[in-house]
Amino acid sequence: MAHASAGTPLSALASGPLTGRIRVPGDKSISHRSLMFGAVTVGETRIEGLLEAEDVLGTAAAMRALGATVTRDGEGLWRVSGLGVGGLLEPESVLDFGNAGTGSRLTMGLVGGHAVAATFVGDASLSRRPMGRVLDPLRRMGVEVIARKGDRLPLTLRGPDTVIPIEYRVPVPSAQVKSAVLLCGLNSPGVTTVIEPVATRDHTERMLVGFGAALEVTAGPAGERVIRLQGRPSLKPQAITVPGDPSSAAFAIVAGLIVPGSDVTVENVLLNPLRTGLFTTLLEMGADLTIENERVTGGERIGDVHVRSSRLKGVAVPPERAPSMIDEYPILSVAAAFAEGDTFMDGLEELRVKESDRLSAVAHGLAANGVPVEEGETSLKVIGGTRRIGGGTVPTHLDHRIAMSFLVMGLAGQAPVTVDDTATIATSFPSFLGLMTGLGARFEAPQSAD
1 MAHASAGTPL SALASGPLTG RIRVPGDKSI SHRSLMFGAV TVGETRIEGL
51 LEAEDVLGTA AAMRALGATV TRDGEGLWRV SGLGVGGLLE PESVLDFGNA
101 GTGSRLTMGL VGGHAVAATF VGDASLSRRP MGRVLDPLRR MGVEVIARKG
151 DRLPLTLRGP DTVIPIEYRV PVPSAQVKSA VLLCGLNSPG VTTVIEPVAT
201 RDHTERMLVG FGAALEVTAG PAGERVIRLQ GRPSLKPQAI TVPGDPSSAA
251 FAIVAGLIVP GSDVTVENVL LNPLRTGLFT TLLEMGADLT IENERVTGGE
301 RIGDVHVRSS RLKGVAVPPE RAPSMIDEYP ILSVAAAFAE GDTFMDGLEE
351 LRVKESDRLS AVAHGLAANG VPVEEGETSL KVIGGTRRIG GGTVPTHLDH
401 RIAMSFLVMG LAGQAPVTVD DTATIATSFP SFLGLMTGLG ARFEAPQSAD
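Mapping to full-length UniProt numbering: the sequence shown position 266 is 266, numbers consecutive.
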(Lines of atoms letter the chains of each structure in order from A and count residues from 1; the text may use other names and numbers.)
(Lines give C-alpha, C1' and ligand atoms only; values in the text may rest on other atoms or scores of the structure.)
Protein backbone atom coordinates (compact mmCIF):
# COMPACT_ATOMS: atom_id res chain seq x y z
CA MET A 1 0.00 0.00 0.00
CA ALA A 2 1.35 3.41 -0.94
CA HIS A 3 1.86 5.79 1.97
CA ALA A 4 1.10 9.42 1.14
CA SER A 5 3.91 11.75 2.07
CA ALA A 6 3.68 14.85 -0.14
CA GLY A 7 1.21 17.38 1.19
CA THR A 8 -1.88 18.27 -0.84
CA PRO A 9 -3.17 21.50 0.75
CA LEU A 10 -6.69 22.83 0.26
CA SER A 11 -8.67 25.85 1.44
CA ALA A 12 -12.37 25.90 2.37
CA LEU A 13 -14.23 29.11 1.63
CA ALA A 14 -17.36 30.65 3.11
CA SER A 15 -20.25 29.00 1.27
CA GLY A 16 -23.87 29.80 0.60
CA PRO A 17 -26.59 27.56 2.01
CA LEU A 18 -25.78 23.85 1.78
CA THR A 19 -28.78 21.94 0.47
CA GLY A 20 -29.56 18.43 -0.69
CA ARG A 21 -29.61 14.76 0.20
CA ILE A 22 -26.50 12.59 0.25
CA ARG A 23 -25.39 9.10 1.22
CA VAL A 24 -22.03 8.70 2.89
CA PRO A 25 -19.91 5.57 2.39
CA GLY A 26 -20.45 2.43 4.45
CA ASP A 27 -19.52 2.30 8.11
CA LYS A 28 -15.81 1.66 8.54
CA SER A 29 -16.13 -0.45 11.69
CA ILE A 30 -18.67 -2.82 10.13
CA SER A 31 -16.74 -2.94 6.84
CA HIS A 32 -13.54 -4.12 8.55
CA ARG A 33 -15.38 -6.75 10.55
CA SER A 34 -17.39 -8.02 7.56
CA LEU A 35 -14.17 -8.91 5.74
CA MET A 36 -12.58 -10.49 8.81
CA PHE A 37 -15.55 -12.63 9.80
CA GLY A 38 -16.00 -13.69 6.19
CA ALA A 39 -12.38 -14.86 6.16
CA VAL A 40 -12.97 -17.31 9.04
CA THR A 41 -16.32 -18.58 7.75
CA VAL A 42 -16.64 -21.68 5.57
CA GLY A 43 -18.55 -20.55 2.48
CA GLU A 44 -19.18 -17.24 0.74
CA THR A 45 -20.08 -14.03 2.59
CA ARG A 46 -21.60 -11.32 0.36
CA ILE A 47 -21.10 -7.67 1.35
CA GLU A 48 -22.99 -4.72 -0.13
CA GLY A 49 -22.08 -1.13 0.65
CA LEU A 50 -18.53 -1.89 1.82
CA LEU A 51 -16.50 1.25 2.48
CA GLU A 52 -14.02 1.29 -0.39
CA ALA A 53 -11.44 3.50 1.31
CA GLU A 54 -7.75 2.85 1.88
CA ASP A 55 -8.18 1.61 5.46
CA VAL A 56 -10.72 -1.05 4.52
CA LEU A 57 -8.96 -2.01 1.29
CA GLY A 58 -5.90 -2.68 3.45
CA THR A 59 -7.94 -5.16 5.49
CA ALA A 60 -9.21 -6.80 2.29
CA ALA A 61 -5.61 -7.22 1.12
CA ALA A 62 -4.63 -8.68 4.49
CA MET A 63 -7.42 -11.26 4.36
CA ARG A 64 -6.24 -12.29 0.88
CA ALA A 65 -2.68 -12.62 2.18
CA LEU A 66 -4.01 -14.88 4.96
CA GLY A 67 -5.59 -17.21 2.41
CA ALA A 68 -9.20 -16.00 2.01
CA THR A 69 -10.58 -15.30 -1.46
CA VAL A 70 -11.79 -11.68 -1.58
CA THR A 71 -13.29 -10.31 -4.81
CA ARG A 72 -15.37 -7.35 -5.99
CA ASP A 73 -17.73 -7.44 -8.98
CA GLY A 74 -18.62 -4.58 -11.30
CA GLU A 75 -21.69 -3.64 -9.23
CA GLY A 76 -19.70 -3.09 -6.04
CA LEU A 77 -20.67 -6.41 -4.43
CA TRP A 78 -17.83 -7.95 -2.42
CA ARG A 79 -17.52 -11.72 -1.91
CA VAL A 80 -15.36 -13.38 0.73
CA SER A 81 -14.77 -17.13 0.64
CA GLY A 82 -13.28 -18.03 3.97
CA LEU A 83 -11.24 -20.84 5.49
CA GLY A 84 -13.12 -21.37 8.74
CA VAL A 85 -12.08 -20.63 12.32
CA GLY A 86 -8.45 -21.70 12.73
CA GLY A 87 -7.92 -22.04 8.99
CA LEU A 88 -5.97 -18.90 8.11
CA LEU A 89 -2.61 -19.44 6.40
CA GLU A 90 0.78 -17.89 7.08
CA PRO A 91 1.20 -14.89 4.76
CA GLU A 92 4.13 -14.86 2.34
CA SER A 93 4.66 -11.10 2.72
CA VAL A 94 4.12 -8.39 5.32
CA LEU A 95 0.61 -7.17 6.16
CA ASP A 96 0.64 -3.44 5.31
CA PHE A 97 -2.17 -1.49 6.98
CA GLY A 98 -1.18 2.01 5.91
CA ASN A 99 -2.97 4.36 8.30
CA ALA A 100 -5.58 1.86 9.57
CA GLY A 101 -5.56 1.52 13.35
CA THR A 102 -8.77 -0.52 13.48
CA GLY A 103 -7.74 -2.87 10.68
CA SER A 104 -4.31 -3.54 12.15
CA ARG A 105 -5.38 -4.04 15.76
CA LEU A 106 -8.33 -6.32 14.97
CA THR A 107 -6.25 -8.37 12.56
CA MET A 108 -3.64 -8.80 15.31
CA GLY A 109 -6.31 -10.55 17.33
CA LEU A 110 -7.42 -12.66 14.38
CA VAL A 111 -3.87 -13.68 13.43
CA GLY A 112 -2.94 -14.27 17.08
CA GLY A 113 -5.54 -17.02 17.21
CA HIS A 114 -3.69 -19.04 14.56
CA ALA A 115 -0.39 -20.94 14.73
CA VAL A 116 1.16 -18.74 12.04
CA ALA A 117 3.60 -15.82 11.98
CA ALA A 118 2.74 -12.47 10.38
CA THR A 119 4.55 -9.13 10.24
CA PHE A 120 2.50 -5.93 10.56
CA VAL A 121 3.67 -2.63 9.05
CA GLY A 122 2.04 0.75 8.52
CA ASP A 123 2.68 4.33 7.49
CA ALA A 124 4.53 6.91 9.58
CA SER A 125 1.40 7.83 11.54
CA LEU A 126 0.36 4.25 12.36
CA SER A 127 3.96 3.37 13.28
CA ARG A 128 3.86 6.00 16.03
CA ARG A 129 0.66 4.67 17.59
CA PRO A 130 0.96 2.44 20.68
CA MET A 131 -0.20 -1.17 20.31
CA GLY A 132 0.51 -2.31 23.85
CA ARG A 133 -3.12 -2.29 25.02
CA VAL A 134 -3.93 -4.87 22.34
CA LEU A 135 -0.73 -6.87 22.63
CA ASP A 136 -0.82 -7.28 26.43
CA PRO A 137 -3.94 -9.49 26.51
CA LEU A 138 -2.80 -11.33 23.37
CA ARG A 139 0.43 -12.24 25.16
CA ARG A 140 -1.68 -13.69 27.99
CA MET A 141 -3.44 -15.82 25.36
CA GLY A 142 -0.10 -17.28 24.25
CA VAL A 143 0.79 -14.99 21.35
CA GLU A 144 4.50 -14.25 20.85
CA VAL A 145 5.27 -10.62 19.97
CA ILE A 146 8.53 -9.58 18.30
CA ALA A 147 8.93 -5.80 18.10
CA ARG A 148 11.95 -3.54 17.60
CA LYS A 149 10.42 -0.26 18.87
CA GLY A 150 8.55 -1.16 22.02
CA ASP A 151 5.00 -2.16 21.17
CA ARG A 152 4.87 -0.21 17.91
CA LEU A 153 4.94 -1.19 14.26
CA PRO A 154 6.66 -2.85 12.57
CA LEU A 155 6.16 -5.98 14.64
CA THR A 156 5.69 -9.71 14.14
CA LEU A 157 3.12 -11.94 15.84
CA ARG A 158 3.33 -15.69 16.15
CA GLY A 159 0.22 -17.45 17.38
CA PRO A 160 0.35 -20.48 19.72
CA ASP A 161 -0.60 -24.02 18.80
CA THR A 162 -3.47 -23.71 21.30
CA VAL A 163 -4.94 -20.34 22.28
CA ILE A 164 -5.35 -19.84 26.02
CA PRO A 165 -8.89 -18.70 26.96
CA ILE A 166 -8.69 -15.80 29.41
CA GLU A 167 -10.88 -13.47 31.42
CA TYR A 168 -9.84 -9.91 30.64
CA ARG A 169 -11.03 -6.66 32.17
CA VAL A 170 -10.48 -3.84 29.67
CA PRO A 171 -8.55 -1.12 31.59
CA VAL A 172 -9.50 1.76 29.26
CA PRO A 173 -12.69 1.83 27.15
CA SER A 174 -11.65 0.49 23.73
CA ALA A 175 -13.71 -1.43 21.20
CA GLN A 176 -10.47 -2.31 19.40
CA VAL A 177 -8.95 -4.04 22.44
CA LYS A 178 -12.20 -5.85 23.22
CA SER A 179 -12.55 -6.99 19.62
CA ALA A 180 -8.95 -8.18 19.32
CA VAL A 181 -9.35 -10.38 22.40
CA LEU A 182 -12.62 -11.85 21.12
CA LEU A 183 -11.18 -12.47 17.65
CA CYS A 184 -8.20 -14.28 19.16
CA GLY A 185 -10.58 -16.24 21.40
CA LEU A 186 -12.49 -17.53 18.38
CA ASN A 187 -9.89 -20.31 18.03
CA SER A 188 -9.62 -21.05 21.75
CA PRO A 189 -10.82 -24.42 23.09
CA GLY A 190 -12.71 -22.70 25.92
CA VAL A 191 -14.62 -19.58 26.86
CA THR A 192 -13.01 -16.16 26.44
CA THR A 193 -14.46 -13.50 28.74
CA VAL A 194 -14.11 -9.75 28.30
CA ILE A 195 -15.33 -7.36 31.00
CA GLU A 196 -16.12 -3.78 29.99
CA PRO A 197 -16.61 -1.30 32.85
CA VAL A 198 -17.74 1.24 30.22
CA ALA A 199 -19.66 0.06 27.15
CA THR A 200 -18.01 0.65 23.77
CA ARG A 201 -19.31 0.10 20.24
CA ASP A 202 -20.67 -3.43 20.05
CA HIS A 203 -20.43 -4.30 16.34
CA THR A 204 -18.12 -7.24 17.04
CA GLU A 205 -20.59 -8.85 19.44
CA ARG A 206 -23.60 -8.25 17.21
CA MET A 207 -21.84 -9.60 14.13
CA LEU A 208 -20.41 -12.65 15.88
CA VAL A 209 -23.92 -13.62 16.95
CA GLY A 210 -25.15 -12.98 13.41
CA PHE A 211 -22.47 -15.31 12.02
CA GLY A 212 -23.54 -18.03 14.46
CA ALA A 213 -21.10 -17.78 17.36
CA ALA A 214 -22.19 -18.71 20.89
CA LEU A 215 -21.79 -15.35 22.61
CA GLU A 216 -23.66 -13.87 25.53
CA VAL A 217 -23.59 -10.45 27.15
CA THR A 218 -24.65 -10.06 30.77
CA ALA A 219 -24.44 -7.35 33.42
CA GLY A 220 -21.83 -7.75 36.16
CA PRO A 221 -22.38 -6.88 39.82
CA ALA A 222 -21.18 -3.28 39.30
CA GLY A 223 -23.13 -2.82 36.06
CA GLU A 224 -20.21 -3.66 33.77
CA ARG A 225 -20.75 -5.57 30.50
CA VAL A 226 -19.54 -9.16 30.69
CA ILE A 227 -19.04 -10.77 27.28
CA ARG A 228 -18.48 -14.52 27.03
CA LEU A 229 -17.52 -16.21 23.78
CA GLN A 230 -17.39 -19.97 23.29
CA GLY A 231 -14.36 -20.76 21.17
CA ARG A 232 -14.14 -22.74 17.93
CA PRO A 233 -17.63 -22.06 16.58
CA SER A 234 -18.68 -23.03 13.08
CA LEU A 235 -19.45 -19.63 11.59
CA LYS A 236 -22.08 -19.40 8.86
CA PRO A 237 -21.67 -17.18 5.77
CA GLN A 238 -23.85 -14.09 5.67
CA ALA A 239 -25.28 -11.49 3.31
CA ILE A 240 -24.34 -8.11 4.79
CA THR A 241 -25.53 -4.63 3.87
CA VAL A 242 -23.24 -2.04 5.42
CA PRO A 243 -25.09 1.10 6.62
CA GLY A 244 -23.68 4.61 6.27
CA ASP A 245 -20.87 5.54 8.64
CA PRO A 246 -22.07 7.99 11.35
CA SER A 247 -18.51 9.26 11.77
CA SER A 248 -18.45 10.27 8.09
CA ALA A 249 -22.01 11.61 8.20
CA ALA A 250 -20.93 13.91 11.05
CA PHE A 251 -19.09 16.28 8.71
CA ALA A 252 -22.08 17.06 6.49
CA ILE A 253 -24.37 17.20 9.53
CA VAL A 254 -22.27 19.79 11.35
CA ALA A 255 -21.76 21.74 8.12
CA GLY A 256 -25.53 21.87 7.68
CA LEU A 257 -25.91 23.23 11.20
CA ILE A 258 -23.28 25.99 11.03
CA VAL A 259 -23.61 27.30 7.45
CA PRO A 260 -26.53 29.79 7.45
CA GLY A 261 -29.63 28.81 5.52
CA SER A 262 -28.63 25.17 5.08
CA ASP A 263 -30.98 22.19 4.83
CA VAL A 264 -29.17 18.83 4.55
CA THR A 265 -30.25 15.20 4.83
CA VAL A 266 -27.79 12.32 5.16
CA GLU A 267 -29.52 9.07 4.28
CA ASN A 268 -29.03 5.51 5.53
CA VAL A 269 -26.95 6.39 8.62
CA LEU A 270 -26.12 3.77 11.26
CA LEU A 271 -27.92 4.63 14.51
CA ASN A 272 -26.37 2.08 16.85
CA PRO A 273 -26.87 3.67 20.32
CA LEU A 274 -23.17 3.19 21.10
CA ARG A 275 -22.27 5.37 18.08
CA THR A 276 -24.68 8.31 18.36
CA GLY A 277 -23.16 10.40 21.14
CA LEU A 278 -22.54 13.27 18.70
CA PHE A 279 -26.21 13.46 17.74
CA THR A 280 -27.21 13.54 21.41
CA THR A 281 -24.72 16.33 22.07
CA LEU A 282 -25.81 18.41 19.07
CA LEU A 283 -29.44 18.17 20.20
CA GLU A 284 -28.37 19.42 23.65
CA MET A 285 -26.68 22.34 21.87
CA GLY A 286 -29.99 23.28 20.24
CA ALA A 287 -29.48 21.69 16.84
CA ASP A 288 -32.45 21.36 14.48
CA LEU A 289 -31.77 17.66 13.95
CA THR A 290 -34.36 14.97 13.31
CA ILE A 291 -34.21 11.28 12.46
CA GLU A 292 -36.47 10.23 9.60
CA ASN A 293 -37.31 6.91 7.94
CA GLU A 294 -35.95 4.92 10.89
CA ARG A 295 -35.76 1.16 10.34
CA VAL A 296 -33.80 -1.98 11.30
CA THR A 297 -31.59 -3.97 8.94
CA GLY A 298 -29.11 -6.69 9.81
CA GLY A 299 -29.75 -6.17 13.51
CA GLU A 300 -28.76 -2.48 13.34
CA ARG A 301 -30.95 0.63 13.44
CA ILE A 302 -30.50 3.01 10.53
CA GLY A 303 -32.24 6.21 9.48
CA ASP A 304 -31.96 9.50 7.61
CA VAL A 305 -30.50 12.42 9.59
CA HIS A 306 -32.07 15.77 8.61
CA VAL A 307 -30.53 19.04 9.82
CA ARG A 308 -31.21 22.74 9.28
CA SER A 309 -28.89 25.59 10.18
CA SER A 310 -29.20 26.36 13.87
CA ARG A 311 -28.10 28.74 16.60
CA LEU A 312 -26.04 26.46 18.78
CA LYS A 313 -25.17 27.02 22.43
CA GLY A 314 -22.23 25.72 24.42
CA VAL A 315 -22.67 22.68 26.66
CA ALA A 316 -20.69 20.45 29.01
CA VAL A 317 -20.26 17.02 27.43
CA PRO A 318 -20.20 14.28 30.08
CA PRO A 319 -17.01 12.19 29.99
CA GLU A 320 -18.95 8.93 30.04
CA ARG A 321 -20.28 9.80 26.58
CA ALA A 322 -16.79 9.67 25.06
CA PRO A 323 -16.86 6.02 23.91
CA SER A 324 -19.98 6.67 21.82
CA MET A 325 -18.43 9.61 19.95
CA ILE A 326 -14.66 9.30 20.29
CA ASP A 327 -14.02 9.93 16.58
CA GLU A 328 -16.41 12.88 16.47
CA TYR A 329 -14.72 15.24 18.94
CA PRO A 330 -12.79 17.10 16.22
CA ILE A 331 -15.95 17.98 14.29
CA LEU A 332 -17.87 18.66 17.53
CA SER A 333 -15.13 21.16 18.42
CA VAL A 334 -15.78 22.93 15.11
CA ALA A 335 -19.50 23.12 15.92
CA ALA A 336 -18.59 24.47 19.37
CA ALA A 337 -16.54 27.25 17.77
CA PHE A 338 -19.73 28.63 16.19
CA ALA A 339 -21.85 28.20 19.33
CA GLU A 340 -22.71 30.90 21.85
CA GLY A 341 -21.00 30.21 25.14
CA ASP A 342 -18.38 27.67 26.12
CA THR A 343 -18.29 23.95 25.36
CA PHE A 344 -16.35 21.75 27.77
CA MET A 345 -15.32 18.21 26.83
CA ASP A 346 -13.60 15.82 29.23
CA GLY A 347 -12.55 12.17 29.27
CA LEU A 348 -10.60 12.63 26.03
CA GLU A 349 -7.40 10.74 26.85
CA GLU A 350 -8.05 8.34 23.96
CA LEU A 351 -7.64 11.25 21.52
CA ARG A 352 -3.96 11.43 22.44
CA VAL A 353 -3.28 8.10 20.70
CA LYS A 354 -5.35 8.34 17.54
CA GLU A 355 -3.91 8.90 14.04
CA SER A 356 -2.43 12.03 15.60
CA ASP A 357 -2.56 13.53 19.07
CA ARG A 358 -6.04 14.71 18.11
CA LEU A 359 -6.59 16.68 21.28
CA SER A 360 -3.52 18.81 20.63
CA ALA A 361 -4.19 18.99 16.87
CA VAL A 362 -7.75 20.27 17.41
CA ALA A 363 -6.64 22.84 19.99
CA HIS A 364 -3.92 24.20 17.71
CA GLY A 365 -6.21 24.23 14.68
CA LEU A 366 -8.88 26.20 16.52
CA ALA A 367 -6.37 28.68 17.92
CA ALA A 368 -4.84 29.20 14.47
CA ASN A 369 -8.26 30.28 13.23
CA GLY A 370 -9.05 32.73 16.00
CA VAL A 371 -11.03 30.49 18.35
CA PRO A 372 -9.92 30.66 22.02
CA VAL A 373 -9.35 27.22 23.56
CA GLU A 374 -8.07 25.73 26.80
CA GLU A 375 -6.37 22.36 26.40
CA GLY A 376 -6.08 20.09 29.42
CA GLU A 377 -4.44 16.70 29.71
CA THR A 378 -7.77 14.96 29.06
CA SER A 379 -10.06 17.89 28.28
CA LEU A 380 -10.78 20.70 25.87
CA LYS A 381 -12.70 23.91 26.44
CA VAL A 382 -13.85 25.75 23.31
CA ILE A 383 -14.82 29.35 23.97
CA GLY A 384 -17.63 30.22 21.57
CA GLY A 385 -18.84 33.56 20.36
CA THR A 386 -15.80 34.52 18.24
CA ARG A 387 -16.92 37.03 15.61
CA ARG A 388 -14.23 36.28 13.05
CA ILE A 389 -13.28 32.66 12.48
CA GLY A 390 -10.77 31.53 9.87
CA GLY A 391 -7.68 32.77 8.15
CA GLY A 392 -5.33 30.09 9.49
CA THR A 393 -3.53 27.03 8.19
CA VAL A 394 -4.03 23.77 10.07
CA PRO A 395 -1.36 21.03 10.24
CA THR A 396 -3.26 17.74 9.82
CA HIS A 397 -0.50 15.42 11.11
CA LEU A 398 -1.55 12.73 8.61
CA ASP A 399 -4.99 12.62 10.25
CA HIS A 400 -8.03 12.43 7.98
CA ARG A 401 -10.51 13.62 10.62
CA ILE A 402 -8.47 16.74 11.38
CA ALA A 403 -8.41 17.58 7.66
CA MET A 404 -12.15 17.14 7.13
CA SER A 405 -13.16 18.89 10.36
CA PHE A 406 -11.27 22.07 9.58
CA LEU A 407 -12.43 22.12 5.96
CA VAL A 408 -15.96 22.15 7.38
CA MET A 409 -14.96 25.07 9.61
CA GLY A 410 -13.95 27.11 6.58
CA LEU A 411 -17.39 26.73 4.98
CA ALA A 412 -18.92 28.87 7.74
CA GLY A 413 -15.91 31.06 8.56
CA GLN A 414 -15.35 34.70 7.87
CA ALA A 415 -12.02 33.90 6.18
CA PRO A 416 -10.76 30.77 4.40
CA VAL A 417 -9.42 27.87 6.43
CA THR A 418 -6.52 25.95 4.89
CA VAL A 419 -5.41 22.42 5.76
CA ASP A 420 -1.89 21.41 4.84
CA ASP A 421 -2.74 17.97 3.45
CA THR A 422 -5.92 16.33 2.18
CA ALA A 423 -4.32 13.11 0.90
CA THR A 424 -5.21 11.15 4.03
CA ILE A 425 -8.94 11.82 3.57
CA ALA A 426 -8.89 8.82 1.25
CA THR A 427 -8.22 6.54 4.22
CA SER A 428 -11.84 6.77 5.37
CA PHE A 429 -13.95 9.03 3.12
CA PRO A 430 -12.63 9.31 -0.45
CA SER A 431 -15.86 10.91 -1.73
CA PHE A 432 -15.87 13.67 0.93
CA LEU A 433 -14.94 16.58 -1.31
CA GLY A 434 -17.29 15.51 -4.10
CA LEU A 435 -20.28 15.04 -1.82
CA MET A 436 -19.70 18.32 0.00
CA THR A 437 -19.23 20.22 -3.26
CA GLY A 438 -22.54 18.76 -4.46
CA LEU A 439 -24.24 20.31 -1.42
CA GLY A 440 -22.75 23.72 -2.28
CA ALA A 441 -19.43 23.72 -0.41
CA ARG A 442 -16.60 25.78 -1.90
CA PHE A 443 -12.98 24.62 -1.93
CA GLU A 444 -9.92 25.84 -3.79
CA ALA A 445 -6.20 25.27 -3.87
CA PRO A 446 -4.51 27.87 -1.64
CA GLN A 447 -2.55 30.64 -3.24
CA SER A 448 1.17 29.94 -3.23
CA ALA A 449 3.34 32.46 -1.43
CA ASP A 450 6.01 33.60 -3.95
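Heads up, the beta-carbon is just placed ideally off N, CA and C, and yes, glycines get one too.
Fair warning: this is a prediction, and the values are worked out from it, not measured in the lab.
| query | result |
| --- | --- |
| Length of the line joining the Cα atoms of Glu377 and Val191 | 38 Å |
| Start-end ranges of the beta strand (DSSP E) lying completely within the stretch 103–182, minimum 3 residues | 117–121, 144–147, 155–158 and 167–169 |
| Identity of the residue in Phe120, Arg129, Gly212 and Gly434 nearest Val42 by Cα | Gly212 |
| Inter-residue spacing [alpha-carbon to alpha-carbon] between Ser93 and Leu57 | 16 Å |
| Option in Pro446, Gly299, Gly20 and Ile326 with minimal Cα separation from Glu205 | Gly299 |
| Ser11 in three-state terms, based on DSSP | strand |
| Pro165 Cβ short of 7 Å to the ligand ZN heavy atom set | This structure lacks the ligand ZN; in fact it carries no ligand of any kind. |
| Three-state class that DSSP yields for Ile389 in the structure shown | coil |
| Ser125, buried or exposed, once every other Cβ within 10 Å from all chains shown has been counted against 16 | buried |
| Helix, strand or coil at Gly325 [DSSP, three-state] | Note that residue 325 is Met in the sequence shown, not Gly. In the structure shown, Met325 sits in coil (DSSP, three-state: anything other than H, G, I, E or B). |
| Bridge-paired residues (DSSP) for Phe443 | Ala12 |
| 8 Å contact criterion, which Glu355 and Leu407 should meet: CB distance rounded | Contact doesn't hold; Cβ gap of about 16 Å is too wide. |
| Residue range of the unbroken alpha helix (DSSP H) whose run includes Val57 | According to the sequence provided, residue 57 is Leu. The question's Val does not apply to it. Run containing Leu57: Glu54 to Ala65, per the alpha helix (DSSP H) assignment. |
| Ala363, enclosing beta strand (DSSP E) - first and last residue | No beta strand (DSSP E) contains Ala363, which is instead part of the alpha helix (DSSP H) from Arg358 to Ala368. |
| Arg23 and Asn369 closer than 8 Å at C-beta | no |
| Cβ separation of Gly384 and Ala339, assumed to be a contact under 8 Å, to the nearest whole Å | 4 Å |
| Local Cβ density within 10 Å of Ser234, reported as buried at 16 or more and exposed below that | exposed |
| Assigned secondary structure, Gly434 (DSSP; H/G/I helix, E/B strand, else coil) | helix |
| Close beta carbons around Glu349, own chain, < 6 Å, minus the five adjacent residues each side | Thr378 |
| DSSP three-state assignment for Leu50, whether helix, strand or coil | coil |
| Proximity to Asn99 [Cα-Cα], best of Ser179, Leu153 and Ile47 | Leu153 |
| Where Gln238 falls, given that 16 or more other Cβ within 10 Å makes a residue buried | buried |
| Beta-carbon spacing of Ala118, Leu157 below 8 Å | yes |
| Bounding residues of the beta strand (DSSP E) (the contiguous stretch that carries Met345) | Asp342 to Asp346 |
| Inter-residue Cα distance where the pair is Glu167 and Gly244 | 34 Å |
| Cβ neighbour criterion (16 or more within 10 Å) applied to Asp123 | buried |
| Ile258 - containing alpha helix (DSSP H), residue span | Pro246 to Ile258 |
| Per DSSP, cross-strand counterpart(s) of Ala219 | Arg225 |
| DSSP-derived helix/strand/coil call for Gly20 | strand |
| Run of the alpha helix (DSSP H) containing Thr281, from where it starts to where it stops | Gly277 to Glu284 |
| Beta-bridge partners of Ile240, as assigned by DSSP | Ile47 |
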